[in-house]
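Student:
Numbering (full-length UniProt numbering), first residue to last: 1 to 328.
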């Protein structure tokens with residue numbers, strides 16, 4: 001038994017922060033940002049009383065409505081996020097409460113930008129084992145809550161957003177057919193991180209003054225690693241499943257940088273028409289990027305029964321992976 005995606009949904013805040021807005025805050029300009037990242041604007045959750053659980057809750061409500069099921073039919077909720085509302089309880093428990101999924105158990109999964117693929121593969125195991133028939137997987141991050149808007153190297157990259165899917169048992173030959181997931185803490189743990197707020201450096205006046213509660217990124221090192229990992233994993237997925245450029249319907253890559261997306265597509269031999277990219281409008285929403293892409297493909301009726309999708313991502317840790325889905 002395999003797991004298939006049976007509904008998709010997304011939520012993006014109304015607030016828009018354009019490159020021109022950043023010009024008023026930083027020593028940068030629109031052309032510089034677009035040429036290096038492909039980003040023109042990003043969405044920002046401006047309401048201080050709304051956090052990651054709100055966005056994920058809106059996604060969950062849509063998934064129920066689109067599939068025509070009740071919250072009590074959901075058996076498991078997995079939220080992929082690196083910006084939980086709180087260290088505990090889990091954001092997934094907040095989402096469970098928002099939709100009233102009283103019979104579901106719920107937990108968060110943190111693999112940074114690879115979070116959605118990691119969570120989707122984890123959820124699929126519960127379907128494949130026969131343990132559950134309805135599993136909700138949502139990726140979402142309020143990145144504006146941990147971005148230092150005095151740091152040009154990171155503040156231009158990230159936005160807020162969430163999206164997700166409902167997983168159910170697939171028909172024969174369809175669904176999530178393969179996944180390859182990787183981690184490398186030895187080489188990755190020091191290049192993309194937030195040092196403050198955990199048990200190693202709990203919040204103090206000193207950690208706040210040293211700006212340790214914001215993202216730190218070694219941009220050149222992360223870029224180089226991401227290009228190699230995403231391209232290699234995409235090629236591996238193709239080889240393992242006897243896929244060629246003609247048989248792939250869509251590449252759905254993590255939206256970190258347009259140059260990384262282009263390099264991955266080039267390695268796969270794909271034309272631009274088969275590559276999903278919305279980074280210009282949303283920036284990097286971390287665990288939200290891939291499910292937002294899936295939701296937009298679904299909304300625009302670009303997914304047909306039998307469409308071959310390759311998903312690839314790379315994130316802090318390092319974490320990275322790829323997935324092959326035959327759309328049901």
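Glycine included, each C-beta is placed from N, C-alpha and C at the ideal position.
Tell me whether the beta-carbon of residue 122 lies closer than 8 Å to the beta-carbon of residue 91.
Tutor: For residue 122 and residue 91, no; Cβs fall outside 8 Å.
Student: Is the stretch 153-171 close to the stretch 15-32, with three or more CB pairs under 8 Å?
Tutor: Segments in contact, yes.
Student: In terms of alpha-carbon separation, which member of 95, 292, 299, 319 lies closest to residue 11?
Tutor: Per the Cα distances, 292.
Student: Under the rule that 16 or more other beta-carbon atoms within 10 Å means buried, what is residue 13, buried or exposed?
Tutor: Buried.
Student: Buried or exposed for residue 2, please, with buried defined as at least 16 other CB atoms from any protein chain shown within 10 angstroms of its CB.
Tutor: Flag for residue 2 reads buried.
Student: For the pair the stretch 302-321 and the stretch 244-263, tell me if three or more CB-CB distances fall below 8 Å.
Tutor: Yes, the stretch 302-321 is in contact with the stretch 244-263.
Student: Would you report the Cα separation of residue 316 and residue 236, rounded to the nearest angstrom?
Tutor: Distance between the alpha carbons of residue 316 and residue 236 is about 21 Å.
Student: In angstroms with no decimal places, state the Cα-to-Cα distance between residue 197 and residue 54.
Tutor: Approximately 22 Å between the Cα atoms of the pair.
Student: Residue 282 lies in the beta strand (DSSP E); which residues open and close that run?
Tutor: Note, residue 282: premise wrong, no beta strand (DSSP E); alpha helix (DSSP H) at 279-282.
Student: Beta-carbon within less than 6 Å of residue 218's beta-carbon, same chain only, minus the 5 sequence neighbours each way: which residues are those?
Tutor: The answer, listed in chain order, is 191.
Student: Count the other CB atoms within 10 Å of the CB of residue 142; is the residue buried (16 or more) or exposed (fewer)?
Tutor: Classification of residue 142: buried, given that the 10 Å Cβ count is 16 or more.
Student: Would you check if the stretch 37-47 and the stretch 269-284 touch, i.e. whether three or more CB-CB distances between them fall below 8 Å?
Tutor: With a cut-off of 8 Å, the stretch 37-47 and the stretch 269-284 count as touching, because enough Cβ pairs lie within range.
Student: Can you list the alpha helix (DSSP H) stretches of 4 or more residues lying completely in the stretch 122-205, in chain order?
Tutor: For the stretch 122-205, whole alpha helix (DSSP H) runs of length 4 or above, ordered along the chain, are 152-155, 185-188.
Student: What did DSSP end up calling residue 9 once you bin it into helix, strand or coil?
Tutor: Strand.
Student: Could you check if residue 134 is buried or exposed, using at least 16 other CB atoms within 10 Å of its CB as the buried criterion?
Tutor: The residue in question, residue 134, is buried, as its Cβ has 16 or more Cβ neighbours within 10 Å.
Student: Leaving out five residues before and five after residue 257 in sequence, what residues of the same chain have Cβ atoms less than 6 Å from its Cβ?
Tutor: For residue 257, where only same-chain residues beyond five positions count, the Cβ hits under 6 Å are 37.
Student: As a quick exercise: from 114, 21, 15, pick the residue whose alpha carbon is nearest that of residue 48.
Tutor: If we check each option's Cα against that of residue 48, 15 comes out closest.
Student: So, are the CB atoms of residue 279 and residue 116 less than 8 Å apart?
Tutor: Not a contact, by the Cβ cut-off of 8 Å.
Student: Which whole-angstrom value describes the C-beta separation of residue 5 and residue 59, a residue pair presumed to lie in contact below a C-beta threshold of 8 Å?
Tutor: That belief does not hold up - the Cβ atoms of residue 5 and residue 59 are roughly 13 Å apart, past 8 Å.
Student: Answer with buried or exposed for residue 125, where buried requires no fewer than 16 other C-beta atoms within 10 angstroms of its C-beta.
Tutor: Under this definition residue 125 is an exposed residue.
Student: Taking the alpha-carbon of residue 287 as reference, which of 45, 33, 95, 164 has the nearest alpha-carbon?
Tutor: Minimum Cα distance to residue 287 is reached at 164.
Student: CB-CB under 8 Å to residue 376, same chain, minus the five flanking residues each way: which ones, in chain order?
Tutor: In the structure as shown, the chain starts at 1 and stops at 328, and residue 376 therefore has no counterpart that could be examined.
Student: Buried or exposed for residue 244, please, with buried defined as at least 16 other CB atoms from any protein chain shown within 10 angstroms of its CB.
Tutor: Its Cβ having fewer than 16 others within 10 Å, residue 244 is exposed.
Student: Is it the case that the CB of residue 65 approaches a heavy atom of the ligand ZN more closely than 7 Å?
Tutor: Ligands are entirely absent from the displayed structure, and the ligand ZN is therefore not among its contents.
Student: Mapping DSSP to helix, strand and coil, what is residue 298?
Tutor: If DSSP states are grouped into helix, strand and coil, residue 298 belongs with the helices.
Student: Roughly how many whole angstroms lie between the Cα atoms of residue 203 and residue 103?
Tutor: Spanning the two alpha carbons is a distance of roughly 36 Å.
Student: Tell me the DSSP bridge mates of residue 103?
Tutor: Answer is none; residue 103 lacks a bridge partner.
Student: Among the residues of its own chain, which have a CB less than 6 Å from the CB of residue 277, if the five just before and after it don't count?
Tutor: Excluding positions up to five away in sequence, the list reads 261.
Student: Should residue 319 and residue 183 be called a contact, given that it needs their Cβ atoms to be closer than 8 Å?
Tutor: It is a contact, given that the beta carbons lie within the stated cut-off.
Student: Under a three-way DSSP split, which group does residue 319 fall into?
Tutor: DSSP places residue 319 in strand when its eight states are reduced to three.
Student: Which parts of the stretch 17-85 are runs of the alpha helix (DSSP H), unbroken and 4 residues or longer, counting only runs that do not cross its ends?
Tutor: For the stretch 17-85, whole alpha helix (DSSP H) runs of length 4 or above, ordered along the chain, are 19-23, 30-37, 52-67.
Student: Count the other CB atoms, across all protein chains shown, that sit within 10 Å of the CB of residue 88; report buried if there are 16 or more and exposed otherwise.
Tutor: With fewer than 16 other Cβ atoms within 10 Å, it is exposed.
Student: Name the two residues that bound the continuous alpha helix (DSSP H) containing residue 227.
Tutor: Taken as a continuous stretch (DSSP letters only), the alpha helix (DSSP H) holding residue 227 covers 219-240.
Student: Relative to the C-alpha of residue 7, which residue among 269, 20, 129, 61 is closest?
Tutor: When each option's Cα is compared against that of residue 7, the closest is 61.
Student: How would you write the range of the beta strand (DSSP E) that residue 250 sits in, first residue to last?
Tutor: It spans 250-253 - the beta strand (DSSP E) in which residue 250 sits, taken as one unbroken run.
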